[in-house]
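Numbering (this note's numbering), first residue to last: 114 to 541.
Positions of the beta carbon are idealized from the N, C-alpha and C atoms, including for glycine.
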């Protein structure tokens with residue numbers, strides 16, 4: 114059970130971890146794409162505005178004088194690249210085959226990158242003809258976002274590649290730091306939530322298997338005590354068989370004693386099955402109005418007729434109606450009476466049992482035996498308790514019947530010195 118609990122806790126934690134990691138990865142990737150898109154959008158706006166400042170002279174050559182005079186191209190750095198005629202670019206042209214020349218570059222840029230970074234970005238955009246952003250590093254090793262925007266000649270054909278590329282840079286240090294903090298926060302939060310889910314799973318799994326553990330403990334106790342009670346009649350049957358084989362006793366006496374032992378074992382097995390059904394909940398309580406006094410008188414008469422030792426059974430009953438299951442109440446009364454007949458007398462003396470029934474639904478069974486010690490009376494119904502000739506099941510079943518009807522069963526010393534059992538059943 115403990116291994117099962119650990120497995121359930123581990124499975125709960127793993128399930129939570131998978132869900133949390135998936136959500137964390139989605140959040141981190143979304144944030145990464147978001148800050149890049151924001152930088153690209155801002156740089157696209159700058160390059161699109163700067164693109165309007167480019168002019169063409171009377172010879173068709175690109176002029177950047179207006180751009181240089183109007184915009185401080187040092188921050189953010191703006192570089193104008195022209196595509197050479199030998200490799201005009203366009204889809205299908207390898208990056209390394211695209212020829213580029215620097216038409217304009219800032220003299221004192223606020224962000225310095227190697228010339229290869231600018232040319233590499235320009236070649237990639239000239240080949241595809243679409244604006245793109247790139248993650249690169251400055252010469253100092255800091256993170257920078259490079260954005261390249263292609264532009265076309267005024268009268269360029271549809272299948273003609275771009276005339277040039279406008280490249281700009283943006284510092285990504287703040288965005289990278291924010292993203293890194295988010296990653297740490299999400300990672301730490303996931304770790305805490307996984308540990309919390311593991312703890313919650315451990316607690317929930319403990320609560321889930323606690324009924325199974327209790328049932329297993331009751332079953333083990335039940336089997337141990339039942340085996341103890343079955344061992345005695347089984348040993349007696351073996352002794353009788355060995356005696357009969359040696360011819361040391363009369364066969365009629367052996368058959369009589371064997372019959373009594375068989376009947377006793379039958380009652381024991383019946384009691385075991387009844388208790389198992391009661392404890393498992395398969396035995397239902399069919400409540401109905403019941404004359405308790407008449408049921409007690411019938412049970413007492415049957416016990417007197419079945420006994421060969423001449424016990425004295427007295428019944429003092431008032432007209433009493435309770436709401437209970439007749440079969441279960443009959444078994445409980447029979448078990449209480451059988452216990453009194455078995456233990457409620459001295460050695461060699463017949464049993465003397467007094468049964469009283471009053472109108473409030475109280476039934477009392479009192480004998481003249483040795484009585485019950487206080488320490489035994491307090492725990493008499495908690496577990497099987499075997500005595501001489503007793504299976505230990507009768508009182509346990511009687512207590513369960515009382516509790517199933519919302520009543521009680523108590524034990525103590527009677528006025529005549531013997532044991533007294535008081536069964537209280539609700540009247541409505």
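Whole angstroms is fine: what's the gap from residue i's alpha carbon to residue j's?
i: residue 261; j: residue 306; result: 42 Å
i: residue 383; j: residue 508; result: 14 Å
i: residue 330; j: residue 121; result: 21 Å
i: residue 139; j: residue 146; result: 11 Å
i: residue 431; j: residue 474; result: 10 Å
i: residue 79; j: residue 298; result: Not covered by the structure: residue 79. The range shown for the chain is 114 to 541.
i: residue 230; j: residue 220; result: 17 Å
i: residue 175; j: residue 164; result: 11 Å
i: residue 444; j: residue 123; result: 48 Å
i: residue 255; j: residue 169; result: 36 Å
i: residue 249; j: residue 322; result: 56 Å
i: residue 419; j: residue 373; result: 12 Å
i: residue 293; j: residue 263; result: 32 Å
i: residue 318; j: residue 118; result: 6 Å
i: residue 181; j: residue 192; result: 10 Å
i: residue 472; j: residue 513; result: 22 Å
i: residue 226; j: residue 232; result: 11 Å
i: residue 528; j: residue 452; result: 18 Å
i: residue 159; j: residue 132; result: 41 Å
i: residue 310; j: residue 129; result: 7 Å
i: residue 281; j: residue 290; result: 21 Å
i: residue 368; j: residue 353; result: 9 Å
i: residue 459; j: residue 526; result: 16 Å
i: residue 351; j: residue 371; result: 10 Å
i: residue 433; j: residue 532; result: 24 Å
i: residue 539; j: residue 441; result: 14 Å
Kindly identify the DSSP beta-bridge partner or partners of residue i.
i: residue 121; result: Residue 121 pairs with nothing; no bridge assigned.
i: residue 402; result: 436
i: residue 313; result: Beta-bridge pairing links residue 313 to no other residue.
i: residue 168; result: 176
i: residue 451; result: Answer is none; residue 451 lacks a bridge partner.
i: residue 247; result: 259
i: residue 426; result: 466
i: residue 536; result: 476, 522
i: residue 192; result: 280
i: residue 214; result: 195
i: residue 139; result: Answer by DSSP bridge pairing: none, since residue 139 is not bridged.
In this structure, does DSSP put residue i in helix, strand or coil?
i: residue 301; result: helix
i: residue 155; result: helix
i: residue 418; result: helix
i: residue 276; result: coil
i: residue 352; result: helix
i: residue 472; result: coil
i: residue 465; result: strand
i: residue 285; result: coil
i: residue 252; result: coil
i: residue 346; result: helix
i: residue 526; result: strand
i: residue 460; result: coil
i: residue 236; result: helix
i: residue 126; result: helix
i: residue 186; result: coil
i: residue 502; result: Bear in mind that the predicted position of residue 502 carries a pLDDT of just 42, short of 50, making it too unreliable to give a figure here.
i: residue 197; result: coil
i: residue 59; result: Any question about residue 59 goes unanswered here, given that the chain covers just 114 to 541.
i: residue 226; result: coil
i: residue 496; result: The pLDDT assigned to residue 496 is 48, lower than 50, so where the model puts this residue is not dependable, and the model offers no usable value.
Going by beta carbon distance, what residues of the same chain come within less than 6 Å of residue i, once the five residues before and after it are set aside?
i: residue 534; result: 449, 478, 524
i: residue 521; result: 515, 537
i: residue 483; result: none
i: residue 426; result: 413, 417, 466
i: residue 378; result: 346
i: residue 332; result: none
i: residue 315; result: 122
Might you give, ordered along the chain, the residues of its own chain that have their beta carbon closer than 8 Å to the beta carbon of residue i, omitting 5 neighbours on each side?
i: residue 409; result: 428, 430, 446, 468, 470, 476
i: residue 237; result: 208, 245, 247, 261
i: residue 187; result: 219, 220, 221, 222, 223
i: residue 196; result: 202, 211, 212, 213, 239, 274, 275, 276, 277, 278
i: residue 217; result: 177, 180, 181, 186, 191, 192, 193
i: residue 183; result: 166
Spatial neighbours of residue i within its chain, please: CB distance less than 7 Å, with the 5 preceding and 5 following residues excluded, ordered by chain position.
i: residue 265; result: 275, 276
i: residue 288; result: 148, 152
i: residue 502; result: Caution applies to residue 502, whose pLDDT of 42 falls short of 50 and renders its modelled position unreliable; the value that the coordinates give is listed next. Answer for residue 502: 455, listed in chain order.
i: residue 438; result: 398, 399, 400
i: residue 530; result: 481, 484
i: residue 500; result: Because the pLDDT of residue 500 is 43, which lies under 50, any placement of that residue in the model is unreliable, and the number read from its coordinates should be weighed accordingly. The answer, listed in chain order, is 456.
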